[in-house]
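K.L.:
Residue numbers (this note's numbering): 88 to 260. The C-beta atom is built at its ideal place from N, Cα and C for all residues, glycine as well. Quick caveat, the model's predicted, so the values are computed rather than measured.
1. Roughly how many whole angstroms lie between the Cα atoms of residue 177 and residue 218?
2. At which residue ranges does the stretch 185 to 238 contain complete alpha helix (DSSP H) runs of 4 or more residues, listed in the order of the chain?
3. For residue 88, collect the residues of the same chain with a Cβ closer than 8 Å to its Cβ; drop the 5 residues on either side in sequence, then sort them by chain order.
4. Assuming contact is defined by CB atoms lying nearer than 8 Å, are residue 181 and residue 165 in contact in what I supplied?
5. Answer yes or no: do residue 247 and residue 137 have a C-beta to C-beta separation smaller than 8 Å?
6. Taking the continuous beta strand (DSSP E) assigned at residue 72, which residues delimit it?
7. Quick check on this structure: which residue in 171, 127 and 183 has the alpha carbon closest to the alpha carbon of residue 116?
8. How is residue 106 classed by DSSP in three states: helix, strand or coil?
9. Go through its chain and collect everything with a Cβ distance to residue 196's Cβ below 7 Å, but skip five positions before and after it.
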């Protein structure tokens, strides 16, 4: 057995929704991609395509994106966060998105609200943190599916849906 293994800190997975402890620090960040479901991407793609067809008829420049680009989804920053409770046990949780650098300092007393992730092998996800040292509530912000699709494409999808609904109503009526 190596000396390194004797001194390796044991990192625990926490299961309750609220953790109170001291902020130990942030670990190295990395990015993770959120995939958008095929039905949603296909519905937006088709209905926006109807509006794009109308825009082409009236010689306007619509926003165009491929179905592959829509399915790819937004990337967001994942930062493992370590906390130590009163018993000296260290917990690792994941923070999705970003917080201001000055929001947390090593040794700050924090209360963290967590949520389990879809993949049970991943640590719980931080949804909100209250720095009890400064009494500052903090919520990391991450990109959503809707922000990834963008207002222009969503507006085109709504227009395309309205045109398709109108044509369907005229055809049935």
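P.N.:
Quick look at the numbers:
1. 18 Å
2. If only complete runs of 4 or more residues are kept, the stretch 185 to 238 shows the alpha helix (DSSP H) at 232 to 236, in order along the chain.
3. Its pLDDT being 49, under 50, residue 88 is placed unreliably in this model, and the coordinates cannot settle the point.
4. yes
5. yes
6. The shown model of the chain, from 88 to 260, leaves out residue 72, and the question about it has no answer.
7. 183
8. strand
9. 109, 219 and 220
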